[in-house]
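Using our numbering, the letters of the sequence shown correspond one by one to residues 68 to 266.
What follows is one structure encoded as structure tokens, with my remarks underneath.
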Amino acid sequence: MTRKTLFNWLPFVVFGLIFFTGLRPIVLSAAQRALLATGLWRADAPVAPTTPEMPVLATSLTATSGLQLVSADGVPLNLNKFRGKAVFVNLWATWCPPCRAEMPGIEALYERIDTSKVAFVMISLDEHPDKAQKFVRRQGFRFPVYYPAAPLPAPFNSQSIPTTVILTPNGRIAARYEGMADYDTPKFQAALEKLAKRQ
68 MTRKTLFNWL PFVVFGLIFF TGLRPIVLSA AQRALLATGL WRADAPVAPT TPEMPVLATS
128 LTATSGLQLV SADGVPLNLN KFRGKAVFVN LWATWCPPCR AEMPGIEALY ERIDTSKVAF
188 VMISLDEHPD KAQKFVRRQG FRFPVYYPAA PLPAPFNSQS IPTTVILTPN GRIAARYEGM
248 ADYDTPKFQA ALEKLAKRQ
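Okay, here's the thing in structure tokens:
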């Protein structure tokens with residue numbers, strides 16, 4: 068086999084290795100994360116609670132909203148526990164490259180923000196919770212991860228992930244964003260902190 072023939076086959080071999088060995092989500096998420104970091108991909112999150120990008124919608128979240136979640140230990144979560152806090156809800160899965168790409172930014176936001184005023188509810192849609200737990204541990208993420216215990220109600224149900232829903236301290240939906248976004252920005256953090264002060 069000549070060098071030229073080997074060189075011609077190399078892209079197919081690399082593609083095959085990435086696609087068939089399970090490296091696809093890792094490679095795609097790394098590429099998407101690089102696009103977010105360089106600004107070549109403009110995926111800005113909604114920015115301010117008082118602007119059209121983050122209006123307070125009329126939807127009110129109550130105990131009967133139907134959102135039933137459990138922790139990795141099987142402990143049920145009632146979102147009423149977070150009354151008085153803004154809530155950052157993100158639907159994701161380990162097999163979703165855009166989800167994986169935005170997670171380092173979400174983790175950075177989680178580490179910086181005052182969690183006594185803003186709660187994070189990361190909802191894994193993986194079929195097996197242990198897969199999500201292993202991924203989160205391996206990446207060193209500290210945000211809390213929950214799992215659906217029943218079908219997701221309309222405000223949280225989405226045909227695409229990642230999907231992020233921001234709740235006001237009184238449980239109303241302030242914003243809903245489908246797709247990958249960069250939440251690790253001073254502008255978004257300030258908007259979330261401002262929202263946390265509203266009752």
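Using N, Cα and C, we set each Cβ at its ideal position, and we do this for glycine too.
For residue i, is the classification buried or exposed, using 16 other Cβ atoms within 10 angstroms of its Cβ as the cut-off for buried?
i    : result
G172 : buried
T235 : buried
G246 : exposed
K218 : It is Pro, not Lys, that sits at residue 218 in the sequence shown. When all chains shown are included, P218 counts as exposed.
A258 : buried
P253 : exposed
Keeping to the same chain, check which residues put their C-beta closer than 6 Å to that of residue i; ignore five residues upstream and five downstream.
i    : result
T231 : N157 and Y244
Y250 : A112, G172, I173 and L176
P143 : V137
A263 : A153, K184 and V185
V203 : V212
K198 : T161
G207 : none
Relative to the C-alpha of residue i, which candidate in the options has its C-alpha closest?
i    : options                   : result
R265 : G151, P165 and W159       : G151
S227 : V137, P143 and C166       : C166
F223 : N237, F210, I190 and R209 : I190
N237 : L136, N145, V154 and R209 : V154
S225 : G207, W159, L259 and Q256 : W159
I180 : R205, R209 and K198       : R209
G133 : A221, V188, K261 and Y214 : A221
A168 : E260, I233 and A248       : A248
G141 : Y214, V188 and T182       : Y214
R205 : E260, P229, M170 and T69  : M170
Tell me the DSSP secondary structure of residue i in three-state form.
i    : result
A125 : At A125 the pLDDT is 44, less than 50, meaning the model places this residue with poor confidence; the figure from the coordinates comes in the next sentence. A125 falls in the coil class under three-state DSSP.
D197 : helix
F208 : coil
N237 : coil
V203 : helix
A186 : strand
N147 : helix
A248 : coil
T262 : According to the sequence displayed, residue 262 carries Leu and not Thr. If DSSP states are grouped into helix, strand and coil, L262 belongs with the helices.
A160 : coil
A221 : helix
A257 : helix
A139 : coil
V232 : strand
Could you please give the first and the last residue of the uninterrupted beta strand (DSSP E) stretch that includes residue i?
i    : result
A241 : I240 to E245
P215 : V212 to P215
S227 : No beta strand (DSSP E) contains S227, which DSSP labels as neither H nor E.
Which same chain residues end up closer than 7 Å to residue i when comparing Cβ atoms and leaving out the 5 residues on each side of it in sequence?
i    : result
A139 : P196, Q200 and V212
F149 : A186
Q256 : L176, R179 and I180
At a threshold of 7 Å, does residue i count as lining the ligand FMN (C-beta to nearest heavy atom)?
i    : result
R205 : Summarising the ligand content, the structure contains no ligands, and the ligand FMN is consequently not present.
Looking only at its own chain, which residues have a Cβ that is under 8 Å from the Cβ of residue i, when we skip the five neighbours before and after it?
i    : result
A216 : Q135, L136, V137 and P143
Can you give me the start and stop residues for the alpha helix (DSSP H) that residue i sits inside?
i    : result
A175 : P164 to R179
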